[in-house]
Structures are given as C-alpha cells and as structure tokens.
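Report on one structure; see the data block that follows.
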Ligand code: AMP
Ligand code: MG
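In this note's numbering, the protein residues as written are 644 to 1062.
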C-alpha cells in the first residue's frame, strides 16, 4: 500500500494548473496570478511630500532662520512657480514637490508667524520627500506568476494601474454522493436511511477553498445509474465522489469508472481514517473517490483533494501550512497505518496548544466540529504525551483563544482511535 507521501506525490505529479482567465482586478481576490505583472508607470509619479508641512530649498536655511511662505501646494494640484531661495510653500501630503524645493518640514515642527516660518529643530536635506519611482519603476516586475492575490497585492496592482489581471481558473467541482441509504436534507430518514451529510460537509469545504460546486443528485448503488451520474460529473474540472470505494458488495464506484476509461492513480493508502481513497483520471479529468464515512471523507479531502484543488488553481504552494504545538492530551501510537487526528488549536502565551478531539471515529461528524488542525501520528509510533511538542497541519488559522496559564493538562480525555 502507498504511504500518504507517495500518494500525494502521485496526485501532484498528475495535475497541472487550469487555463488562465482575465478578470477585473477586484474580482481576482484570492486567485493565483497566471502571469508575471510589471508596473505600467513610476510610483510615485513625481517627487512629492510625505507630510503636511512646508517645502523649501534646504540651502535657504544656511542663509536665514526664517522663510517667507509664498503659497500653497495641494495634493492633486501643486504649485505653479519656481520657489526662490529664502521662500517656502505650504504643502499637503502627496502634493508634488514644487520646483526649487528639496526638503519638507512637518507642520508640527515649525513656528509660523505673520507669513513666515521657522523650523523648531534641525532639518536635513531631503526630509519628508518621497522620490519619483522609489516604490517601483515603470517596467519593474511587481508580482510573479503563482502569487495569491490578497488585499495587499490588490492594492499594489491598483496603484500600478493594473485594472485587469490574468489569473488561473478556480476548478468547478462535481460532487457525487453515492449510497442507497442516503436521503436529502429536509427528508426525515426512514429505517436504514441517513441524511446525505457528506454533500453539505464537502460542499462547504469546497466553498471554503474558493471552488464552484456542482452537486449531482445522489447516485444509488446500482451500476447503470451510477455510471450515468459519473459520466455527467466528468464534465467538471474535477469529479469527487463519496462512498462506494471500499470492499463491500455495493462498492461500485471504481468498476463503473473503469467502464468510462478510468486510469488508476491509486486505490488505498496506508492512512487512518481514509484507507480506501481512490484517485485517477478519465480522459484527463481527475477523479477522487472519497470514502463514505464522514470523517474519512473530510480527512482525505484535506490530505489529497485540497492540494489537488490548489494545484489546479495555480497556487505556488499547494500544501497546507504546518505549525508546532504542544499536545494537551496523550495520544496512543502503535497503529499499523499513519493516523490523522482532528483537534483544536488554542494560543497560550505565544505558543499553540493542540487538543485532540475526544471522538476520532471515521463514521462520525462530531470529531470535526471545532477542529482546526490534523495531527499526523506515524505508523508504529510510540505513544505521544501531554506536553510533547508536535507539528500539526493547519486547516484554519488559530483564533487565539486564551485559556489562561496552566492550561496544559486541563483536558485529560484520551482520544479513542477505535472506529
Ligand atoms: P461506504 O463507503 O459507501 O461503504 O459508506 C461508509 C459509511 O459512510 C456508511 O455508514 C455510509 O452510510 C456512510 N455514508 C456514505 N455516504 C454518506 C454520505 N453522503 N453522508 C453521510 N454518510 C455517508
Ligand atoms: Mg455506500
């Protein structure tokens, strides 16, 4: 059986970014750039003042203590004449530096009296001047292909006059939930039935990742219907299924995919939960068969699908961030597969604490509520103890909940790894 690392490498090797699309800058928030972007002009466009104050030639101060105020330079306007030696111009932040000036003194650092000003403290030549092109020059590379556009990048590109950008397309993901026992939310399950919670769980994760979700109607465990639905889902950029990939008599997803020309990447990975996860392509379209158990579906989503989505959407780093954290409860090792445990992250005095959820059963949704991270416990690992430092994979950024000093050890519950 493949290890997690080997299986993940298979996914990343198989996939490449979707084609680019051009978007108006504001709509590109959260996307990855598909091209390098260069500045269309110098920024600032001209030497200008960094403060509200007075502009003048620094050499004037060598000649006299007081300068005559000759007028005002506003942002968006300026000052039409050359400023002569011995004179100053009142200037607003962002106004172009008038001709003849090389220095600005801040309003709060002058004594102003009867149309004359006197600096209260020594002034250096060039004080409070922002020079043309000091932020960036026309033609200079501002951002590289693969960069995620967040607020800071959007602001930078706007300042450079970049109104439209080439970004990678976000995948449109077909989501097919399978199982004769499933009923839609809003229907009270009859005997032997359960609500199709995976649809909501995985749709929510896809939306959190910025994808467009295309939910397909529940597929029954019946070859004809299942194959038809799978074929439909292959119209998307990526097809996700849940259920029907284990060893049961009605686990038909792989064999129906085979009828459609499935190229197997892998089936089964040495992880817990999520061992039966299936990956491959049909005519180039990637397909993941996630296990039906909710926590197994969510774990394999995090471990394989999320990196795949990020690779398709062109992000430079498809892998989730990790951080170091202190374990607040004992964790049993010794399993034959690599285990992934859901847990909460709290911040305490500048360090993170990881508290494993008390329920880790793959059949439950409950262990995932409030979960912010996954702890990987290697196969055949010794037990891990309260107070051990571990590295965890972050699903969500910690909220910085402060639990007070001495919080380690408050939670003595031991997670049960039994399924
Ligand atoms: P399977 O992988 O099809 O053998 O399903 C494994 C377990 O997950 C069974 O208990 C199913 O009832 C449950 N399950 C399968 N699909 C879903 C779903 N869409 N929502 C909630 N539970 C599911
Ligand atoms: Mg099933």
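Every residue gets a Cβ at the ideal spot worked out from N, C-alpha and C, and that includes glycine.
Element boundaries [alpha helix (DSSP H), containing residue 843]
Within the chain shown, the letter at position 200 stands for residue 843. Per DSSP, residue 843 belongs to the alpha helix (DSSP H) from 840-851.
What is the rounded straight-line gap between the Cα of residue 681 and the Cα of residue 804?
What you label residue 681 is simply residue 38 of the chain shown in a count that begins at 1. What you label residue 804 is simply residue 161 of the chain shown in a count that begins at 1. Between residue 681 and residue 804, the C-alpha separation is close to 10 Å.
Distance CB(residue 816)-CB(residue 857) smaller than 8 Å:
Looking up residue 816 in the chain shown gives position 173. Looking up residue 857 in the chain shown gives position 214. Against a cut-off of 8 Å, the Cβ pair of residue 857 and residue 816 comes out as a contact.
Quick check: what's the CA-CA separation for residue 690 versus residue 740?
Along the chain shown, one-based indexing puts residue 690 at 47. Along the chain shown, one-based indexing puts residue 740 at 97. For residue 690 and residue 740, the distance between alpha carbons rounds to 6 Å.
Check each candidate in 874, 987, 799, 701 and name the one with the smallest Cα separation from residue 1009.
Here residue 1009 is taken as the residue at index 366 of the chain shown, counted from 1. Of 874, 987, 799, 701, the residue nearest in Cα terms is 987.
In chain order, what residues of the same chain have a beta carbon less than 7 Å from the beta carbon of residue 955, not counting five sequence neighbours either side?
Counted from its first residue, the chain shown places residue 955 at position 312. So the qualifying residues of the chain are 658, 660, 661, 814, 880, 881.
Thinking C-alpha only, which one of 756, 751, 757, 1018 is nearest residue 764?
On the chain shown, residue 764 is found 121 positions in, with the first residue counted as 1. Checking every option, the nearest Cα to that of residue 764 belongs to 751.
Comparing alpha-carbon positions, which option in 873, 885, 892 lies nearest residue 899?
Taking the chain shown and counting its residues from 1, one reaches residue 899 at position 256. Of the listed residues, the one whose Cα sits closest to residue 899 is 873.
Does the distance from the C-beta atom of residue 891 to that of residue 925 stay below 8 Å?
Translated into the one-based positions of the chain shown, residue 891 becomes position 248. Translated into the one-based positions of the chain shown, residue 925 becomes position 282. No, the Cβ-Cβ distance between residue 891 and residue 925 is not below 8 Å.
Roughly how many angstroms separate the alpha carbons of residue 1071 and residue 671, rounded to a whole number?
Residue 1071 falls outside the range modelled here, since the chain spans only 644 to 1062, and no answer is possible.
Residue 1039 in three-state terms, based on DSSP:
One-based indexing of the chain shown puts residue 1039 at position 396. The answer is coil: DSSP assigns residue 1039 none of H, G, I, E or B.
Please report the straight-line C-alpha distance between residue 1039 and residue 715, rounded to a whole angstrom.
Looking up residue 1039 in the chain shown gives position 396. Looking up residue 715 in the chain shown gives position 72. C-alpha separation (whole angstroms): 51 Å.
Quick check on DSSP: helix, strand or coil for residue 1062?
As a first step, residue 1062 is located in the chain shown; it is residue number 419 there, counting from the start. Because residue 1062 carries a pLDDT of 39, less than 50, the predicted location of this residue cannot be relied on, and no value is offered for it.
Would you mind working out which of 1012, 738, 791, 1023 sits nearest residue 853, comparing C-alpha positions?
By one-based count along the chain shown, residue 853 stands at place 210. Residue 853 has its Cα closest to that of 791, out of 1012, 738, 791, 1023.
Could you please give the first and the last residue of the uninterrupted alpha helix (DSSP H) stretch that includes residue 655?
Residue 655 sits at position 12 when you count from the first residue of the chain shown. Its alpha helix (DSSP H) spans residues 647-657.
Residue 971 - DSSP class collapsed to helix/strand/coil:
Here residue 971 corresponds to residue number 328 of the chain shown, with the count starting at 1. If DSSP states are grouped into helix, strand and coil, residue 971 belongs with coil.
Can you tell me whether residue 728 is buried or exposed, with buried defined as 16 or more other CB within 10 angstroms of its CB?
On the chain shown, position 85 is the one that residue 728 refers to. Residue 728 should be labelled exposed.
Identity of the residues DSSP links to residue 786 by a beta bridge
Numbered from 1 along the chain shown, position 143 holds the residue referred to as residue 786. According to DSSP, residue 786 bridges with 680.
Looking only at C-alpha atoms, which of 985, 875, 913, 666 sits nearest to residue 644?
Translated into the one-based positions of the chain shown, residue 644 becomes position 1. Taking only the C-alpha atoms, the option nearest residue 644 is 913.
For residue 817, report the span of its beta strand (DSSP E) as first-last.
For the purposes of this step, residue 817 is taken as residue 174 along the chain shown, with counting starting at 1. Its beta strand (DSSP E) spans residues 815-820.
If we ignore side chains and look at the alpha-carbon of each, how far apart do residue 822 and residue 866 end up?
Position 179 of the chain shown, counting from 1, holds the residue named residue 822. Position 223 of the chain shown, counting from 1, holds the residue named residue 866. Roughly 12 Å between the two C-alpha positions.
Quick one: residues in its chain with C-beta nearer than 7 Å to the C-beta of residue 949, no 5 flanking neighbours on either side, listed in chain order?
Counted from its first residue, the chain shown places residue 949 at position 306. If we look at residue 949 and ignore the five residues flanking it on each side, its Cβ neighbours are 852, 963.
CB contact check: residue 721 to chain C, cutoff 8 Å
In summary, chain C is missing from the structure at hand, where a single protein chain is found.
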